[in-house]
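A.B. asks: Note that my numbering has the sequence shown beginning at 11, numbered continuously upward.
Ideal Cβ placement from N, Cα and C applies to all residues, glycine included.
Keep in mind it's a predicted model, so treat the numbers as computed, not measured.
Structure in structure tokens, see below.
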Amino acid sequence: MSQPHTLHPFSSTEVARTEDRWLPIREVSERTGVNSVTLRAWERRYGLIKPQRTHKGHRLYSEFDIERIEQIQQWLGRGVSVGQVAKLLPPLTEREAAAQGSSPTIPSANPEPDWQPVLDESMAALHQGNIIRFDQTLNQVSAIYPAALLMRFFWQPLLATLAAEPEGERRQLVQLQLDSYLRNLVGARLMHRNLQAKEQKRLLISHLPTQSPKFELWLAALMCTDLNIPVLLMDGLPGWSLLHLIEQQQPLSGVLLLGNEKTAPLKQSEQQQLKTMNPPCWLAGPLARIQPDIFTECGWQIAEDWPELLNEKRQEF
């Protein structure tokens, strides 16, 4: 296990004097999009980063640490396993530099060997109705991979595999169980996170009425909790006028509306309501591919890749 890299203990005055050089873990998480749990795992389990410590044990990160975290994300994004990344990073100490020697051999960027066993294990747990085992597997990968990469390498392939299965009661049961699990998980996460963000603007995430599971709704909210984006979640939007009522109740940083199915043409009054929304608004999901013009004519933007949108704009929300 990697040991914390400790300087001479900082006093509060010294921390204040170095605030332009040292960042606490929460600010690093907001800046990089990597949650604090993952940052701690990269430090303790894999020795990828070595933040400084105050005399009270609080972690402080430098610009060097920020750059290193970004490099880690780049390698993980190429499909390199987290266990291999340390060999590809610049050494942290002279001893590591000597041990590393010449430039390391870059491993294959194919994510299949690392993620397929996890996906197989997760699908098996879902088919067996073993939600506890599924939750344990998810927690293991969530602890070491940032939200954006988890969405790309875990959730999207998992949902694609589930969608490709033959229609029938078995697939329907798995979908219902997964939908219920995500709903409960998101509810618990949002209750905790939103209590910490009482006065902040929130990103409204909602879904148009549908008979299909709302996986993307739950996953968008879940990703926001990992990216420290305050969220207001609405499970189903029965009328466009509600958007203005919500905006009057509390300030919004944006609106992300998901839809699975074709919607009826908008009335002129409904078009006007969509056009006069103040925060930036995005349409995502299959509806964004089926009927984009209805919303773009009202000044809305199309989020073809909403996980990338959330990751890129996490500091704006």
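Once DSSP output is grouped into helix, strand and coil, what is the label at P127?
C.D. replies: Three-state DSSP puts P127 in a helix.
A.B. asks: With 7 Å as the threshold, decide whether the Cβ of H217 is near any Cβ in chain C.
C.D. replies: As a matter of chain content, chain C is missing from the structure shown, which is built from one protein chain.
A.B. asks: Note down the Cα distance separating Y191 from I141, rounded to an integer number of angstroms.
C.D. replies: Straight-line Cα distance between these residues: approximately 8 Å.
A.B. asks: Just tell me which of E40, H65, D75 has its CA closest to the CA of G57.
C.D. replies: Residue D75 is the option with its Cα nearest to G57.
A.B. asks: Under a three-way DSSP split, which group does M287 fall into?
C.D. replies: Of the three classes helix, strand and coil, the one that applies to M287 here is coil, per DSSP.
A.B. asks: When you compare the region 89-102 with the region 127-138, are there three or more beta-carbon pairs, one atom per stretch, that lie closer than 8 Å?
C.D. replies: No, the region 89-102 is not in contact with the region 127-138.
A.B. asks: If you draw a straight line from the alpha carbon of D130 to that of F225, how long is it in whole angstroms?
C.D. replies: So the two alpha carbons sit approximately 19 Å from each other.
A.B. asks: Which first and last residues belong to the alpha helix (DSSP H) in which L160 is found?
C.D. replies: That run of the alpha helix (DSSP H) goes 157-160.
A.B. asks: When the Cβ atoms of the region 293-313 are set against those of the region 256-275, are three or more pairs found closer than 8 Å?
C.D. replies: The answer is yes - the region 256-275 touches the region 293-313, with three or more Cβ pairs under 8 Å.
A.B. asks: Using DSSP bridges, identify the partner residues of A294.
C.D. replies: L268.
A.B. asks: State the DSSP-derived secondary structure class of I154, mapped to helix, strand or coil.
C.D. replies: Three-state DSSP puts I154 in coil, outside helix and strand.
A.B. asks: Based on the DSSP secondary-structure assignment, which residues constitute the bridge partners of Q62?
C.D. replies: For Q62, which the question treats as bridged, DSSP gives the partners L70.
A.B. asks: Going by the beta-carbon positions, is the gap between W250 and Q283 smaller than 7 Å?
C.D. replies: Cβ atoms of W250 and Q283: closer than 7 Å.
A.B. asks: Spatial neighbours of L276 within its chain, please: C-beta separation below 8 Å, excluding the five flanking residues on both sides.
C.D. replies: For L276, where only same-chain residues beyond five positions count, the Cβ hits under 8 Å are W250, L284, I304, C308.
A.B. asks: Would you mind giving the Cβ-Cβ distance between A157 and L237, rounded to the nearest angstrom? I have them listed as a contact below 8 Å.
C.D. replies: 6 Å between Cβ atoms; contact.
A.B. asks: Quick one: grab the DSSP three-state call for P34.
C.D. replies: It is a strand residue.
A.B. asks: Between V44, E40, I79, which lies nearest to M161 when the distance is taken from Cα to Cα?
C.D. replies: Nearest of V44, E40, I79 to M161, Cα basis: V44.
A.B. asks: In whole angstroms, what separates the C-alpha of A153 from that of D245?
C.D. replies: Roughly 27 Å between the two C-alpha positions.
A.B. asks: Please report how far the alpha carbon of A231 lies from the alpha carbon of H254, in whole angstroms.
C.D. replies: Their Cα atoms are separated by approximately 21 Å.
A.B. asks: Roughly how far, in whole angstroms, is the beta-carbon of L195 from the beta-carbon of R181, given that I think they are within contact range, below 8 Å?
C.D. replies: With a Cβ gap of about 21 Å, L195 and R181 do not count as contacting.
A.B. asks: Based on Cα-Cα distance, which residue from E177, G178, N149, P176 lies nearest to D164?
C.D. replies: According to the sequence displayed, residue 164 carries Phe and not Asp. The shortest C-alpha separation from F164 is found at N149.
A.B. asks: Quick check on Q278: does DSSP put it in helix, strand or coil?
C.D. replies: Here Q278 sits in helix by DSSP.
A.B. asks: In or out: K60 buried (at least 16 other Cβ within 10 Å) or exposed?
C.D. replies: Its Cβ being crowded by 16 or more others within 10 Å, K60 is buried.
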